[in-house]
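Participant: Just passing along the structure, written as structure tokens.
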RNA sequence: GCGCGCGUAGCUCAGUUGGUUAGAGCGCUACCCUGAUAAGGUAGAGGUCCCAAGUUCGAAUCUUGGCGCGCGCACCA
């Protein structure tokens, strides 16, 4: 027997008990066990950072990540779900620094790298509990106990293997490049990290005069005007660049013959004049090429000795000034500035290329060397005394002031632009800085990455060629190394003497190196502190202590480089590193690569999506592994925004903690909100109201049907377990074995209709879910539940309330039993269909409907059943269509009434329907359902109209979709012709001949087939009618005295029922009624229908007279009535 | 600046390869039900489909150009 349930379920409490039960029963493990050996569905968990709090956005990701594996498992696939945690990197270090109250690298070193690393490792798990709680609470089934962790030795060693592969192939190299440099943190950042830190800021924008030098090396009155937004780079100026084929002009303030002369690009001269609010005259004009080679005086003599420029020999013969000379460069544009570009090779990528090109012109060793007045910590060195020891950006003001004092500042203003800051310390501006750094040659694999990408199924599709494709197109080499502490150490050991390097693939390889020393540093530390994690042996500082004999030079040692790597490489390596492959885990890797499905939010395009694709393409691209890898399908989720449509942020408090949502509304409500609310890639606005509303919209509606079923099943003794010995999976064929079960064909029409809808929806949902369209599938499901609740249950009430039992005993009412079986099968099937979406609620329903009745004979969890794919044999398409017509007719009838202000309580004589597409059998079918329609619409009589022309006009319309291609430009004419034609004659011709000829206005004819036209039926004015595409419904609005009387009575009954409720009467309580009215009509009506009133209101007696004082006066359609109600 | 996405009812969003009367949920109004009941149901009102031009017999849908919002990119010296 089923357990009773509350009508008002407490979903959060229900979910908590289900979650506990899953844990206790190991239901997830069971679901895997059931599919062992089946075709795999491979899922990769993109590792969340274990060092931050989860927010509602993570709930979305985790819901999607749960949905498809659950679905595929129910569909028969084996889907292991291995959790993972991202544990390395800057976020962790920054957090630890905050805790220690320190910021700079020097402070970390002073604190000690060893204790710092320990702190990092401890800090990683700070929010672990929150994450695990969230994961379980939202119903994300994933194996947390076997989670991969990026700092674990096995993971690190896999990454080492990957890096060694790249190194051996020459794809991992050290380069001297201009990188985005986080000075306070002392490390370079990858383009991905830089991209996350752009902020709009106002920087000083200065126009600076670079006086040209005369032959003697003395500054002239004529200056180049250069523009920069980074004044602090001026002390390191090395060249000035112009565009050779661009026109330059010499400007002088009008009317001041001795005034200073400024050289700027001609197209920008007017702009400069405007800024300076001065009138200039052009005193000379020449192409940029005329300036090339000229020497100038740099703004600061940081690196220069004043006087005649120092020159050196060129490769091509002759000589040239080494620096502070005008060069030609193509990248000079007239978009902004002056057309003269200040070149400081230390602080700009293009600037650096100028230096490299210049160096090539000079004899080896004679050319310009890089000049740089800034130390790695972002402060000026002593060579620039004015700013020595101060952070460069803080010196902008002093530099500008100094330039002005020396008459070199032409103009100054504020310039608003986006500038990168450190993504983890967002008050630290990044600077471009020359640095030795390790790079992966990803740009060499651009084509392969694009080819791989082309085979991936992206959802939404535009990611492929849009955002992600573009990102790949503009690929630059991956700046891999970080001069930091908490990360995977770069496994490269360098010969002290020769500088030659080699990569190490595993810790064991390292220990086996000849002359290995230093491994004992960790052993000793461990002995002193037994709690020390063994995984730290492959981390700084311990790993740095390990050295070995150089194979490159005798008596020389190999020492590890100091860097760790970008933590994005860790996560990108997870497809193999999660198994420790290739050092171990071969079977797992072979079976679990590539992934069928991954999903993360859009911000991972440049993050995890890219790091995975890049690493996989570089490592496995040539290995004959067919693209795509390492993932085949990727759902890119939109970002979740706060309540105000802005980015979620803790400081704005525009969202709630997930735990709060779960406690208030429950996980299923949130899941349904995510899955059914919008396409997953639209950016979704956090809305407490919307989450709340997702409960009545789906969960509560389903629950109400379920609860309705339970109430009556218990009353009538319907218990499948008592009549079915082998329940199997409670599929249709299983239920067929039950005693008292009748084949669907033998059941009533409503039952056949319900099962048709059920199976049609199951089939449609399967198609959609296979195509990763859960949004569409959820819509189907929602419509189905609506059909059960609002049509099947409503129209079946009579059967459930009819006399007799449903227990298979002698009192059994077979039609009632049919209704139970139909509703039971429907609910059981819906539980399965909805299980991947709302796993908790469906589990509760399953455990009662299946578990309570069958005990251990049936799967104990809905998640251990097969997903219903729909039985086509049970779908009666004609019936589905016709039932839709009945529902439509009912709606139209109500609409017609509403238009005439004839409330449903007022009975009417007749309703007539005209079908737009007259199919003889549909009409007959409809007529046979007259009772149903009469009941729904409260009318006495229902007919399919015999004389439609009385009420409606028919119009023959072209089916544009079909005729358009046929007729082309003649279409409008044909449409006019059809509109003017005699519809009846036309229809006749079409019916008889299957085609008709219409003459077009302006000559010519067109032949239309029966299938080329549609018939629109329109109600004639003057009738109480409503129309849809399917039918016109006309109601008789004339009221007879009898009908009016009935209407009055129903009105009175309604008033009494409302009173009963107001009096808080139980629905079994009987009452005494006393009426008093001065209206003879009303009194007559009431007396006439006394019996009806008694039965409807459970009145033991009805009297007319003087009701006791306090009886409420009512107005019944204009008739006064006082009613007294007393409990018998 | 370049790129991607979005712009549809008061709100949140659907809208399939261009096709006739552009939909849903919520909210609102009216009504119904009162044996699922602090629920449930039905109907109605509400739309310059951001603007403009173009392609087409026909555009919410395709093209181009604007405007607005979000995001991404980065030689902005």
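Numbering (this note's numbering), first residue to last: 1 to 1128. The beta-carbon is built from N, C-alpha and C at its ideal position, and this holds for glycine as well. What you are looking at is a predicted structure, and each value in this text was computed from that prediction instead of being measured.
Would residue 121 pass as a contact of residue 151 if the rule is Cβ separation under 9 Å?
Facilitator: Their beta carbons are under 9 Å apart, which means residue 121 touches residue 151 by this criterion.
Participant: Does DSSP put residue 102 in a helix, a strand or coil?
Facilitator: Here residue 102 sits in coil by DSSP.
Participant: What is the DSSP secondary structure of residue 277, counted as helix, strand or coil?
Facilitator: If DSSP states are grouped into helix, strand and coil, residue 277 belongs with coil.
Participant: For residue 127, collect the residues of the same chain with a Cβ closer than 7 Å to its Cβ; drop the 5 residues on either side in sequence, then sort them by chain order.
Facilitator: Within the same chain, residue 127 has close Cβ partners 50, 51, 52 and 53.
Participant: I need the DSSP call for residue 372, collapsed to helix, strand or coil.
Facilitator: Reduced to three states, the DSSP call for residue 372 is coil.
Participant: Residue 476 to residue 443, Cα distance in whole Å?
Facilitator: Cα to Cα, residue 476 sits roughly 5 Å from residue 443.
Participant: Please list, in chain order, all residues of the same chain as residue 663 whose beta carbon is under 6 Å from its beta carbon, the five residues on each side excluded.
Facilitator: Correct list, in chain order: 12.
Participant: In the DSSP assignment, find the beta strand (DSSP E) that holds residue 808 and state where it starts and stops.
Facilitator: No beta strand (DSSP E) holds residue 808; DSSP gives it neither H nor E.
Participant: Please state the DSSP three-state secondary structure of residue 488.
Facilitator: Note: residue 488 maps to coil in three-state DSSP.
Participant: Between which two residues does the alpha helix (DSSP H) harbouring residue 136 extend?
Facilitator: Counting along the chain, the alpha helix (DSSP H) containing residue 136 begins and ends at 128 to 137.
Participant: Which residues in the same chain as residue 390 place their Cβ atom closer than 7 Å to its Cβ, once the five residues preceding and following it in sequence are excluded?
Facilitator: Counting only Cβ-Cβ distances below 7 Å, and skipping sequence neighbours, we find 379 and 380.
Participant: Looking only at its own chain, which residues have a Cβ that is under 6 Å from the Cβ of residue 498, when we skip the five neighbours before and after it?
Facilitator: 552 and 553, listed in sequence order.
Participant: Output the boundary residues of the beta strand (DSSP E) element that contains residue 668.
Facilitator: Element bounds for residue 668: not the beta strand (DSSP E) but the alpha helix (DSSP H), 667 to 677.
Participant: Excluding sequence positions up to five away, which residues of its chain have a Cβ less than 7 Å from the Cβ of residue 511?
Facilitator: 519.
Participant: Relative to the C-alpha of residue 1030, which residue among 914, 310 and 692 is closest?
Facilitator: Out of 914, 310 and 692, 914 has the C-alpha closest to the C-alpha of residue 1030.
Participant: Thinking C-alpha only, which one of 535, 993 and 958 is nearest residue 979?
Facilitator: Closest by alpha carbon: 958.
Participant: Going by the DSSP bridge assignment, what does residue 1113 pair with across the sheet?
Facilitator: According to DSSP, residue 1113 bridges with 1122.
Participant: Which same chain residues end up closer than 6 Å to residue 592 when comparing Cβ atoms and leaving out the 5 residues on each side of it in sequence?
Facilitator: Answer for residue 592: 42, listed in chain order.
Participant: Using the Cα positions of residue 1056 and residue 1125, report the straight-line distance between them to the nearest angstrom.
Facilitator: Between residue 1056 and residue 1125, the C-alpha separation is close to 8 Å.
Participant: Would you please state the rounded distance, in angstroms, between the beta carbons of residue 939 and residue 757? I believe it to be under 8 Å.
Facilitator: The pair is not a contact, with the Cβ atoms about 27 Å apart (cut-off 8 Å).
Participant: On the three-pair Cβ rule with 8 Å, is the region 359 to 374 touching the region 320 to 327?
Facilitator: Enough Cβ pairs lie closer than 8 Å, so yes.
Participant: Since residue 751 and residue 744 are thought to touch, with beta carbons under 8 Å apart, how far apart are those beta carbons, to the nearest angstrom?
Facilitator: The pair is a contact, with the Cβ atoms about 7 Å apart (cut-off 8 Å).
Participant: Tell me where the beta strand (DSSP E) around residue 910 begins and ends.
Facilitator: Here the beta strand (DSSP E) through residue 910 covers 908 to 915.
Participant: Once the 5 residues before and after residue 460 are set aside, which same chain residues still bring their CB inside 6 Å of it?
Facilitator: Excluding positions up to five away in sequence, the list reads 681.
Participant: So residue 1012 packs on residue 841, CB below 8 Å; how close in whole Å?
Facilitator: Between residue 841 and residue 1012 the Cβ distance is about 49 Å, and since that is not below 8 Å, they are no contact.
Participant: By the 10 Å Cβ neighbour count, where 16 or more other Cβ atoms means buried, how is residue 172 classified, buried or exposed?
Facilitator: Result: buried.
Participant: List the whole-angstrom C-beta distance separating residue 640 from residue 60, where the pair is believed to meet the contact cut-off of C-beta under 8 Å.
Facilitator: With a Cβ gap of about 6 Å, residue 640 and residue 60 count as contacting.
Participant: Can you tell me the Cβ-Cβ gap for residue 269 and residue 251, rounded? I've got them flagged as a contact below 8 Å.
Facilitator: Contact holds; Cβ gap of about 6 Å.
Participant: Evaluate residue 801 with the Cβ neighbour count: other Cβ atoms within 10 Å of its Cβ, from every protein chain shown; 16 or more gives buried, anything less gives exposed.
Facilitator: Exposed, by the Cβ-count rule.
Participant: Could you pull out every unbroken beta strand (DSSP E) segment of at least 3 residues lying fully inside the region 364 to 438, listed in chain order?
Facilitator: As far as the region 364 to 438 is concerned, its whole beta strand (DSSP E) runs of at least 3 residues are 409 to 420.
Participant: Could you spell out the range, first to last residue, of the alpha helix (DSSP H) harbouring residue 1055?
Facilitator: Here the alpha helix (DSSP H) through residue 1055 covers 1041 to 1062.
Participant: Quick one: residues in its chain with C-beta nearer than 6 Å to the C-beta of residue 698, no 5 flanking neighbours on either side, listed in chain order?
Facilitator: Hits under 6 Å: 672 and 782.
Participant: Cβ atoms of residue 175 and residue 436: under 9 Å apart, would you say?
Facilitator: Yes. Within cutoff.
Participant: Beta-carbon within less than 6 Å of residue 227's beta-carbon, same chain only, minus the 5 sequence neighbours each way: which residues are those?
Facilitator: The answer, listed in chain order, is 207, 337 and 338.
Participant: Between residue 1197 and residue 430, how many whole angstroms is the CB-CB distance? I'm expecting something under 8 Å.
Facilitator: Residue 1197 lies beyond the residue range present for the chain, which begins at 1 and ends at 1128; the question has no answer from this structure.
Participant: Distance check for residue 432 and residue 166, CA to CA, integer angstroms please.
Facilitator: Cα to Cα, the separation comes out at about 27 Å.
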